[in-house]
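In the numbering used here, the protein residues as written are 2 to 511.
As structure tokens, then:
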């Protein structure tokens with residue numbers, strides 16, 4: 002029987018208990034089915050190609066065979082668990098756990114997550130639960146499972162920078178044109194960065210203007226230059242801007258975010274207010290997913306390219322992991338080696354090997370892991386299922402073109418900005434938010450930090466951790482309270498670890 006999710010605060014009633022799922026169990030020559038036998042998620046787009054565009058996933062059970070498919074990039078999160086004679090599938094990992102999926106931790110996967118903030122490949126926090134690979138077909142019949150999927154890796158191009166910029170402008174303009182909302186009505190999330198601005202400028206040039214531009218203020222200590230720069234863009238285009246503040250206490254927001262993203266991210270909390278605002282206000286929203294990873298060169302460095310060229314993947318894996326991870330040092334001494342840096346390096350090296358044939362291996366790795374496994378969780382979990390998410394950077398022509406470019410073209414991290422400025426010189430004077438968010442440790446931040454520390458302390462009193470050392474955690478919190486600041490992302494990662502462990506303890510089969 003389905004498990005009633007309680008207590009509140011551990012399981013979000015709307016996001017988990019109401020998540021679609023299918024659980025099949027084969028026994029005695031019969032298959033028991035519980036949940037939805039047919040489910041369609043996201044929005045496939047028919048552009049007359051063999052593979053539909055858009056971001057989507059679907060499953061169909063006809064009583065004898067389960068067939069599951071997803072989009073070219075596997076960006077719509079869909080989890081499955083095959084154990085014994087049973088198979089479960091859902092866009093919510095916590096839903097599968099409530100239905101009986103085993104809760105044994107995947108220690109190498111978590112070792113990476115605690116140093117990157119995202120999971121690799123098809124990993125999840127749990128060994129028995131996997132995410133559907135990109136461009137996948139999953140079939141299950143008579144208790145037998147077959148899963149096929151693959152990355153899309155285009156052939157390398159040899160282009161000069163100017164030719165590459167012109168090619169980007171042309172392809173992206175067409176991608177936006179063929180995705181314009183049929184109703185003509187949409188809301189445009191607008192930051193101070195490149196991705197949303199490029200979309201908005203193209204849409205307005207095509208005489209398709211949003212009803213409103215939406216900008217989010219972040220939790221402190223992040224400095225909200227986003228709001229100021231987005232306001233300048235909206236004003237230049239004669240558009241209304243709505244600014245959304247964070248009103249939910251940080252601890253509560255982190256708990257809700259972790260469940261909503263299926264424990265898949267250590268960031269993104271600020272964008273939940275956008276989903277709350279969009280609900281009931283629009284049928285379509287543009288999203289800039291992919292633009293940053295495909296054309297900014299943000300994760301490229303000379304050192305990383307040299308390591309790729311030399312085939313030194315162990316060293317590259319070490320370079321990609323956080324040099325000062327926040328949470329691993331707080332693990333109990335007897336469990337820390339199981340989540341150690343060497344464990345994380347070995348898992349990351351194996352993933353990097355899958356991308357060495359790509360024209361730009363580092364961009365390929367970042368897109369198929371950080372973008373697919375973390376950033377995609379935000380629009381496709383925070384925004385309602387009834388809202389179409391329009392993603393022009395995922396247009397097949399745009400993606401294949403950008404993925405085929407040599408790393409040298411995007412290495413200086415100005416390629417996308419220069420593309421936008423060449424396409425729209427009238428707006429070239431408005432600067433972009435610097436890559437790498439600045440922080441402001443002001444009085445408001447210090448006040449929020451002390452409240453958050455008190456909330457975390459109370460949370461641990463309700464259910465003392467077993468993997469983390471409570472003494473080490475409290476000592477670290479006391480240090481941050483005295484200093485009036487914490488390490489970036491320490492709070493979210495700490496709450497993630499505490500909540501994951503506590504969630505498992507509430508499962509009836511744990």
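Quick reminder that beta carbons are idealized off the backbone N, C-alpha and C, glycines included.
From a predicted model like this one, the values you see are computed outputs, not experimental measurements.
Three-state class that DSSP yields for residue i in the structure shown
{"i": "residue 11", "result": "At residue 11, the pLDDT of 48 sits below 50, so the modelled position is not reliable and the matter cannot be decided from this model."}
{"i": "residue 362", "result": "helix"}
{"i": "residue 16", "result": "helix"}
{"i": "residue 460", "result": "helix"}
{"i": "residue 209", "result": "coil"}
{"i": "residue 429", "result": "coil"}
{"i": "residue 152", "result": "coil"}
{"i": "residue 163", "result": "helix"}
{"i": "residue 520", "result": "As shown, the chain starts at 2 and ends at 511. That puts residue 520 outside it, with no answer to give."}
{"i": "residue 214", "result": "strand"}
{"i": "residue 368", "result": "helix"}
{"i": "residue 512", "result": "This structure cannot speak to residue 512, because the chain is shown only from 2 to 511."}
{"i": "residue 405", "result": "coil"}
{"i": "residue 244", "result": "strand"}
{"i": "residue 328", "result": "coil"}
{"i": "residue 230", "result": "helix"}
{"i": "residue 1", "result": "For the chain, the structure presents residues 2 to 511; residue 1 sits outside this window and is missing."}
{"i": "residue 283", "result": "coil"}
{"i": "residue 419", "result": "helix"}
{"i": "residue 343", "result": "helix"}
{"i": "residue 142", "result": "strand"}
{"i": "residue 396", "result": "coil"}
{"i": "residue 350", "result": "helix"}
{"i": "residue 386", "result": "coil"}
Beta strand (DSSP E) segment containing residue i, residue limits
{"i": "residue 441", "result": "Taken as a continuous stretch (DSSP letters only), residue 441 belongs to no beta strand (DSSP E), as it is neither H nor E."}
{"i": "residue 357", "result": "That residue, residue 357, is in no beta strand (DSSP E); it is neither H nor E in DSSP."}
{"i": "residue 71", "result": "67-71"}
{"i": "residue 35", "result": "31-36"}
{"i": "residue 23", "result": "23-28"}
{"i": "residue 129", "result": "That residue, residue 129, is in no beta strand (DSSP E); it is neither H nor E in DSSP."}
{"i": "residue 389", "result": "389-391"}
{"i": "residue 113", "result": "No beta strand (DSSP E) contains residue 113, which is instead part of the alpha helix (DSSP H) from 108-117."}
{"i": "residue 80", "result": "80-84"}
{"i": "residue 190", "result": "188-190"}
Beta-carbon proximity of residue i to residue j, cut-off 7 Å
{"i": "residue 294", "j": "residue 368", "result": "yes"}
{"i": "residue 340", "j": "residue 201", "result": "no"}
{"i": "residue 378", "j": "residue 78", "result": "yes"}
{"i": "residue 24", "j": "residue 35", "result": "yes"}
{"i": "residue 59", "j": "residue 66", "result": "no"}
{"i": "residue 495", "j": "residue 336", "result": "no"}
{"i": "residue 199", "j": "residue 431", "result": "no"}
{"i": "residue 450", "j": "residue 331", "result": "no"}
{"i": "residue 1", "j": "residue 223", "result": "One cannot answer for residue 1 here, as it falls past the ends of the chain, which runs 2 to 511."}
{"i": "residue 365", "j": "residue 158", "result": "no"}
{"i": "residue 154", "j": "residue 359", "result": "yes"}
For residue i, the first and last residue of its enclosing alpha helix (DSSP H)
{"i": "residue 503", "result": "491-507"}
{"i": "residue 58", "result": "That residue, residue 58, is in no alpha helix (DSSP H); its beta strand (DSSP E) goes 57-62."}
{"i": "residue 484", "result": "471-484"}
{"i": "residue 315", "result": "314-321"}
{"i": "residue 272", "result": "Neither: residue 272 is in no alpha helix (DSSP H) and is coded neither H nor E."}
Separation of residue j from residue i, as counted between CA atoms
{"i": "residue 196", "j": "residue 283", "result": "21 Å"}
{"i": "residue 502", "j": "residue 425", "result": "50 Å"}
{"i": "residue 493", "j": "residue 38", "result": "36 Å"}
{"i": "residue 170", "j": "residue 298", "result": "17 Å"}
{"i": "residue 348", "j": "residue 392", "result": "30 Å"}
{"i": "residue 313", "j": "residue 320", "result": "11 Å"}
{"i": "residue 204", "j": "residue 419", "result": "19 Å"}
{"i": "residue 497", "j": "residue 208", "result": "44 Å"}
{"i": "residue 82", "j": "residue 151", "result": "19 Å"}
{"i": "residue 3", "j": "residue 103", "result": "Residue placement at residue 3 is flagged as unreliable, the pLDDT there being 32, under the threshold of 50; the coordinate-derived value follows with that caveat. C-alpha separation (whole angstroms): 15 Å."}
{"i": "residue 344", "j": "residue 416", "result": "36 Å"}
{"i": "residue 230", "j": "residue 240", "result": "14 Å"}
{"i": "residue 352", "j": "residue 463", "result": "38 Å"}
{"i": "residue 288", "j": "residue 29", "result": "48 Å"}
{"i": "residue 1", "j": "residue 376", "result": "In this structure the chain extends from 2 to 511, so residue 1 is not present and cannot be described."}
{"i": "residue 270", "j": "residue 242", "result": "21 Å"}
{"i": "residue 461", "j": "residue 454", "result": "11 Å"}
Where residue i falls, given that 16 or more other Cβ within 10 Å makes a residue buried
{"i": "residue 491", "result": "buried"}
{"i": "residue 318", "result": "buried"}
{"i": "residue 80", "result": "buried"}
{"i": "residue 395", "result": "buried"}
{"i": "residue 519", "result": "The structure shown does not extend to residue 519, since the chain is modelled only from 2 through 511, so no value can be given for it."}
{"i": "residue 84", "result": "exposed"}
{"i": "residue 48", "result": "exposed"}
{"i": "residue 100", "result": "buried"}
{"i": "residue 145", "result": "exposed"}
is_contact[residue i, chain D] using C-beta, thresh 7 Å
{"i": "residue 106", "result": "Considering every chain present, this structure includes no chain D. It has just one protein chain."}
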